[in-house]
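For what it's worth, the numbering used here labels the leading residue of the sequence shown as 142, then goes sequentially.
Where is the CB? At the ideal position from N, CA and C, for every residue including glycine.
What you are looking at is a predicted structure, and each value in this text was computed from that prediction instead of being measured.
Scroll down for the structure; my scribbles are underneath it.
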Amino acid sequence: MKALVKTERGCTDLKLMDIPKPVCPDNGVLLKVRVVAVCGSDIHYYKDLEPMPIPQVMGHEFCGDIVEVGKDVSGWEIGDFVISRVPLYPCGECPECRDGHPERCRSRKSAGLQTQGAYTEYIVSFPNLLYRVPEGVSERMAACCEPSAVCLHAVKRFHVRPEWTVAVSGVGMIGLLTIQFLHIYGVKNIIAIGLDSDAPKRFPIAEKFGAVKTINGQHRSAAEQVLEYTGGRGVDLAIDCVGAVPAIDELFKMMARGGTLGAIGVPGPDARVSVNWNKFVWGSQSVISSFYSAPEDWEELIGYMKDGTLSFEEVFTHDLKLEEWEQVFKNASNPNYVKAVFRPNA
Ligand SMILES: [Zn+2]
Ligand SMILES: [Zn+2]
142 MKALVKTERG CTDLKLMDIP KPVCPDNGVL LKVRVVAVCG SDIHYYKDLE
192 PMPIPQVMGH EFCGDIVEVG KDVSGWEIGD FVISRVPLYP CGECPECRDG
242 HPERCRSRKS AGLQTQGAYT EYIVSFPNLL YRVPEGVSER MAACCEPSAV
292 CLHAVKRFHV RPEWTVAVSG VGMIGLLTIQ FLHIYGVKNI IAIGLDSDAP
342 KRFPIAEKFG AVKTINGQHR SAAEQVLEYT GGRGVDLAID CVGAVPAIDE
392 LFKMMARGGT LGAIGVPGPD ARVSVNWNKF VWGSQSVISS FYSAPEDWEE
442 LIGYMKDGTL SFEEVFTHDL KLEEWEQVFK NASNPNYVKA VFRPNA
């Protein structure tokens, strides 16, 4: 089957190759991929900023049709159109696995990173990871349940309250979806922070998704502007969706007393943040990080997709065949880029 493969270290071209079609395991299903979305972390892997094992097929945000059902599987049939959580292959034996957190397993193998992902025609998944795509939900939205779940999980971990003022730093896919979930959770006063390149495309989407104010932090400190906007008080919650140290520094400076810094963006392996600890303690502030998602997040957000509460068709700027991969991977810093999807079987 046709697959897009990272074959070398460094920021080198991905290769379109013929690879063996996976065998359907007795306890799993084989999916024919309809849509796979390009994650920001895939772009990191492509650039080799976060070295992944090679050769490997990326792609962990996908939906598809069941084409084979393992003999031990019940409740799913050939032809079902499904969303799949990321196949994780946890060890099942470490303390984290036994504690019910396979996503924290230290030796887990994750599809699209340590095992074959969905930038190809077929992928294996398992019945406990599947959800039927509700009627009326687009293929592209269905493929983006994974980043949505990450954002919803974070918003829940931050214990947001409707009366809060919340700043979201970064208006890529994760920032934009986080804004939408804050809005769904009743937060009215949402500030979106970005750069010059966010002005043409991403700021207007942020406003559509619920931001009441956008701030460009490129030429003037974002913290200064947020403090000005909030009459010197700062924000109850400052969320990082960038993972860059200078942006995180700004967030520490804009937190209100009693405020929380919420960390979603994943920084490089050597990122170090320095904090004014005196101000942090006197201010009784907190930092809460959030990584990955839980099954109940997926159920909740699929419900929001089904009833139309969650809708983000505006983010899809590239809808491509695998052959057209350069348009996204060599172009991701383009101001008109937000989210790309591939249709490997098109
Ligand atoms: Zn992702
Ligand atoms: Zn484990």
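Can the beta-carbon of Ser251 be found closer than 9 Å to that of Val214?
-> no
What whole-angstrom Cβ distance do Ile332 and Val376 have, given they're in contact under 8 Å?
-> 7 Å
Which value, in whole angstroms, describes the spacing of the CA atoms of Leu231 and Val367?
-> Correcting the residue identity first, residue 231 is Pro in this sequence and not Leu. A direct Cα-Cα distance of roughly 42 Å separates Pro231 from Val367.
Any non-hydrogen atom of ligand 1 closer than 8 Å to Ser266 Cβ = It does not: the Cβ of Ser266 is nowhere closer than 8 Å to a heavy atom of ligand 1.
Compare the beta carbon distance of Met314 and Val479 with 9 Å and say whether it is the shorter of the two.
-> With contacts defined by Cβ atoms closer than 9 Å, Met314 and Val479 form a contacting pair.
Sequence-distant residues of the same chain with beta carbon closer than 6 Å to Ile346, five excluded per side | Leu317, Glu455
Does DSSP put Asn330 in a helix, a strand or coil?
-> strand
Hey, which residues come within less than 6 Å of ligand 1, measuring from Cβ to any heavy atom, in chain order?
-> This selection yields Cys180, Ser182, His201, Glu202, Glu287, Pro288.
Just how far apart, CA to CA, sit Val545 and Arg281?
-> Any property of residue 545 remains undetermined from this structure, which presents the chain solely from 142 to 487.
At which residues does the beta strand (DSSP E) containing Glu209 begin and terminate?
-> 202-210
Use the C-beta contact count for Gln359: other C-beta atoms within 10 angstroms, 16 or more gives buried, fewer gives exposed.
-> exposed
Just how far apart, CA to CA, sit Val383 and Asp438?
-> Taken atom to atom, the span from the alpha-carbon of Val383 to that of Asp438 is near 22 Å.
Any residues whose CB sits closer than 5 Å to a heavy atom of ligand 2? List them in chain order?
-> Pro231, Cys232, Cys235, Cys238, Cys246
Is DSSP giving Tyr478 helix, strand or coil here?
-> The answer is coil: DSSP assigns Tyr478 none of H, G, I, E or B.
For the stretch 384-404 against the stretch 412-432, are there 3 or more C-beta pairs whose distance is under 8 Å?
-> Flag = yes, the stretch 384-404 and the stretch 412-432 touch.
From the DSSP output, which residues share a beta bridge with Met158?
-> Ala144
Inter-residue spacing [alpha-carbon to alpha-carbon] between Phe457 and Val179 | Near 10 Å, if we compare the C-alpha coordinates of Val179 and Phe457.
Residues bridged to Asn357 (per DSSP) = Under the DSSP definition of a beta bridge, Asn357 partners with Gly335.
Kindly indicate which residue of Asp189, Glu262, Glu348, Gly205 has the alpha-carbon position closest to the one of Ala283.
-> Gly205
Give every residue of the same chain whose Cβ lies closer than 6 Å to the Cβ of Ala388, excluding the five residues on either side of it in the sequence, and list them in chain order.
-> Taking Ala388 as the centre and dropping the five residues before and after it, the same chain places the C-beta of Ser310 closer than 6 Å to its C-beta, in chain order.
Where does the unbroken alpha helix (DSSP H) through Met314 begin, and where does it stop?
-> Its alpha helix (DSSP H) spans residues 314-325.
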